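Asks: Sequential numbering of the sequence shown, starting at 156, is according to this note's numbering.
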Amino acid sequence: MILLATCLLVSSPALIFSAHGDQRNKLIESVIFNPEIFRRISSFFPEGFTVSSLQSFSNENFLLANEKEKIVVRISNEMMNFLVDRHSEYKNSFLAQKAGFNPLEILFFDLNDGLQVTQYLEKATFLSMDELDNEKKIYEIVDLLRKLHESKIIFENKFNPFCRLKKIFNFLQVQREEIPIHLYDAYSTISKLEKILEWDCFENKPCHNDPVPSNFVLIDSSFKLIDWEYSGNNDPAWDLAYFSSILSFSNEREKFLVNSYSPEKADIIQAKMNFFKPVIHLTISIWAALQSLENSPKLSRSQFENMSAEHFEKYQKWILSEDFTLAIALLKKYLSDRNV
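(1) Does the Cβ-Cβ distance between N289 and L380 come in under 9 Å?
(2) Ordered along the chain, which non-local residues of its own chain (more than five positions away) have a Cβ less than 7 Å from that of H304?
(3) Give me the DSSP bridge partner(s) of R229.
(4) N389 and F314 look like a contact to me (Cβ under 8 Å); what is the Cβ gap, rounded to whole Å?
(5) Could you tell me the distance, in whole angstroms, from the CA atom of S306 to the CA atom of H337?
(6) Return the CA-CA distance between P316 and V434, expressed in angstroms with no decimal places.
(7) Within 10 angstroms of the Cβ of M284, are there 16 or more other Cβ atoms? Answer buried if so, exposed if not.
(8) Per the DSSP calculation, I261 is bridged to which residue(s)?
(9) Among all the DSSP beta bridges, which residues are the ones paired with P361?
(10) Round the Cβ separation of V297 and V228 to the nearest angstrom and send it over; I've been treating them as touching at under 8 Å.
(11) When DSSP labels each residue in this structure, what does I381 get in the three-state scheme?
(12) Under DSSP, the alpha helix (DSSP H) around S440 begins and ends at which residues?
(13) Which residues in the same chain as I293 place their Cβ atom closer than 8 Å to its Cβ, once the five residues preceding and following it in sequence are excluded?
(14) Pull up the distance between the alpha-carbon of T280 and that of L373, whole angstroms please.
(15) Should Q446 go down as buried or exposed, given a rule of 16 or more other Cβ atoms within 10 Å for buried?
(16) Would a C-beta distance cut-off of 9 Å place L496 and Y470 closer than the cut-off?
(17) Measuring straight from C-alpha to C-alpha, what distance separates Q328 and I334?
(18) Which stretch, first to last residue, makes up the alpha helix (DSSP H) that contains V297?
(19) Where does the unbroken beta strand (DSSP E) through I374 begin, and where does it stop?
(20) Find the nearest neighbour of L219 within the set L320, N232 and F193, judged by alpha-carbon distance.
(21) Should the stretch 204-219 be called in touch with the stretch 249-268, which here means at least 3 C-beta pairs below 8 Å?
(22) When the Cα atoms are used, what is the spatial distance from L454 to A443?
(23) Return helix, strand or coil for K347, following the three-state DSSP convention.
(24) Looking only at its own chain, which residues have a Cβ that is under 6 Å from the Cβ of F497, when we skip the five neighbours before and after it?
(25) Start and end of the beta strand (DSSP E) containing S208?
(26) Restricting to Cα atoms, I'd like to know which of S197, R301 and G387 is closest to K420.
(27) Here's a check: name, in chain order, each residue in its chain whose Cβ is nearer than 7 Å to the Cβ of S400, leaving out the five neighbours to either side.
(28) If I'm right that L299 touches F398 with Cβ under 8 Å, what's the distance once you round it to whole angstroms?
(29) Here's the rule I'm using: 16 or more other beta-carbon atoms within 10 Å means buried, otherwise exposed. How should R456 be labelled?
(30) Cutting at 8 Å between CB atoms, please list the residues of its own chain near T480, excluding the five before and the five after it.
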């Protein structure tokens, strides 16, 4: 077992905890006070702490606090450990912190299962949906992503969206005796597009690869990015496409996003974004189908099923759209022009 820690607390804290909701209480008891977890990280627990659950779709995050100190414990699940390269996550999180993009100080990190302890961001506020109606805020987010993409950070790993999709699909196959035929057919169709990523028009730049609103935090009037699980070298258009797709941006709002990022490269960036969109929606659809199999306290089974159906419809819309066909044609032309 490889453990990474940057500091150690000496005292043995008194175990006092509180939470809201019977289901959350049971969850907290089962994870925070799980003997295996407690053995590894109890030295970081504040004296006389209380426990509360923090919102997260993919992991279980808990705030442990007393009057003087607050830490956050992240406990990953089996699916996330299957999908995420923890060595790359740790290295990239550290590099992003050094470069000023990641505000979290990692106190403890287990490379085997992603168990993590970080300092709580006391003065941070998360990006709200209301702020996304503000073009100034969108520009600030785009500026942050552009600075990351143009930074001198050197990630050792490459993020391939098709590889992540394959992993999620394979995990679904393990969990279900029979894959829904519509997901199987869609996966078979989109897998054939992976070879397009080998075209020279795609770049390899440091990317976050999971820029959902909850991963943006505002600290001292400046946006930062947390949760670097999927970080790695990729084409910057993926970050832009993912952000736009998650938020269902209108054509007008997306045009503003692209022009804010790089007006001189707007056409090729938009084409790459449109190429990525079916991959994004199918990935989320299969991920939500997986979540619907779990007894999750976050959303009900029917809510995850609805999420899966919604993103599958968006996948179908994009894979059959004229914009997708035109995107492939423009990428081919761009590649041909560069090779002349």
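For glycine and all other residues, C-beta sits at the position ideal for the given N, C-alpha and C.
Keep in mind it's a predicted model, so treat the numbers as computed, not measured.
Replies: Per the coordinate set shown:
(1) no
(2) K360, P361, C362 and P391
(3) N216 and Q271
(4) 4 Å
(5) 41 Å
(6) 7 Å
(7) exposed
(8) T273
(9) N388
(10) Not confirmed; about 32 Å, so no contact.
(11) coil
(12) A421 to Q446
(13) L287, R408, F411, L412 and S415
(14) 5 Å
(15) buried
(16) Nothing in the structure corresponds to residue 496, since the chain is present only between 156 and 495.
(17) 6 Å
(18) E290 to H304
(19) F371 to I374
(20) F193
(21) no
(22) 10 Å
(23) coil
(24) The structure shown does not extend to residue 497, since the chain is modelled only from 156 to 495, so the question has no answer here.
(25) T205 to L209
(26) R301
(27) K432, I435 and H436
(28) Contact flag wrong, Cβ pair sits at about 11 Å.
(29) exposed
(30) none
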